[in-house]
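Novice: What follows is a structure written as structure tokens; I'll ask about it next.
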Amino acid sequence: MVFWSLAAQSKEKVTHQSNKCANVYTISGFTLLELLVAIAIFSVMSVVAYRGLNATLETRAHLLDDNRKWRELSLFFAQMKDSLTNVVNRPVRNNNNDLVLPAFAGKPEVIGEDDAQLVFTRIGLPGQLGSLGGLQRYGYRLREHNIEQLVWPVLDQAPRTQPAVFQVLPHVTSFVMRYLDKQGKWQSKWPVLGQNDVAPQAVEIRVGLQSGEQIVRLFAL
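Here the working numbering runs 249 ahead of the position in the sequence shown, where the first position is 1.
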């Protein structure tokens, strides 16, 4: 009887230890599964958060580019309006002193290094004391996807006189101007043969942007 009692106790102890080990194994396996699930969820959330942040940054960059583009356009057209409303009738001589250039001239194509699509004489910018400066010769042209402003140092140009060149509007694909004469007809160049008008009645400026927009502005002179 003692033998059977000891045997039963030993069997019960072994069974208890086996169950304990089984329980430990089961609990350890469940914790690992939880960890794997947590890692998977964290990975998915990280990907979603990254994509959301990336989309937000791209949207912000796009908005900043758009704001910059329209701000530059506004400044450019404001500059054109200021220049065109201050045109004066003052022809000039070229740098060879053998040709009198019109006070206002426009053409579709640029020929030389110092040439421009639109050239005119205008009242100078205000000086430091608020008084108007002397007359100045201005020009505008499209070169390498940039609209450039040309400013000559003098009206009647000496040999080797070169204009200062400033970039006023980038990312441009086309820069086209038309000129309205007294008969109400649009001309592609100015002055018009057979007409004695110093300047047109109005100038239409069409700017094509690399982003696809076509912007048209009309300026009365």
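Ideal Cβ placement from N, Cα and C applies to all residues, glycine included.
Owing to the predicted nature of the structure, the values given are computational and were not obtained by experimental measurement.
Who pairs with Trp-435 in a beta bridge, going by DSSP?
Specialist: Answer is Leu-429, bridged to Trp-435.
Novice: With DSSP as the reference, label Arg-317 as helix, strand or coil.
Specialist: The answer is helix: DSSP assigns Arg-317 an H, G or I state.
Novice: Quick test of the definition: if touching needs 3 or more C-beta pairs under 8 Å, does the region 420-432 touch the region 442-453?
Specialist: The region 420-432, when compared against the region 442-453, does touch it at the 8 Å Cβ threshold.
Novice: Return the residue from the list Val-425, Phe-415, Gly-373 that minimises the CA-CA distance to Arg-404.
Specialist: Reading off the sequence, residue 404 comes out as Leu, not Arg. If we check each option's Cα against that of Leu-404, Gly-373 comes out closest.
Novice: Which value, in whole angstroms, describes the spacing of the CA atoms of Tyr-389 and Asn-316?
Specialist: Using only the alpha carbons, I get a separation of about 24 Å.
Novice: Determine the closest residue to Gln-385 out of Arg-320, Val-465, Arg-339, Ser-323, with distance taken between C-alpha atoms.
Specialist: The option with the nearest alpha carbon to Gln-385 is Arg-339.
Novice: Beta carbon of Phe-325, beta carbon of Val-417: below 8 Å?
Specialist: Yes, the pair counts as a contact, with Cβ atoms nearer than the cut-off.
Novice: With a cut-off of 8 Å on the beta carbons, I'd call Pro-440 and Pro-351 a contact; round off their distance for me.
Specialist: Sure, about 5 Å apart at Cβ, within 8 Å.
Novice: Rounding to the nearest angstrom, what Cα-Cα distance links Trp-319 and Val-465 in this structure?
Specialist: Going from the Cα of Trp-319 to the Cα of Val-465 covers about 13 Å.
Novice: Write down the C-beta distance between Leu-470 and Glu-453 rounded to the nearest angstrom, noting that I regard them as a contact closer than 8 Å.
Specialist: Not quite, the Cβ-Cβ distance comes to about 12 Å (not below 8 Å), so this is no contact.
Novice: Looking at the unbroken beta strand (DSSP E) that takes in Thr-410, where does it start and where does it end?
Specialist: Element bounds for Thr-410: n/a, residue is neither H nor E.
Novice: Taking the straight line between their C-alpha atoms, what separation do you get for Glu-397 and Leu-391?
Specialist: Taking the straight line joining both Cα atoms gives about 6 Å.
Novice: Nearer than 7 Å: is that true of the beta carbon of Thr-422 relative to any heavy atom of the ligand FMN?
Specialist: Here there are no bound small molecules, and the ligand FMN is not part of this structure.
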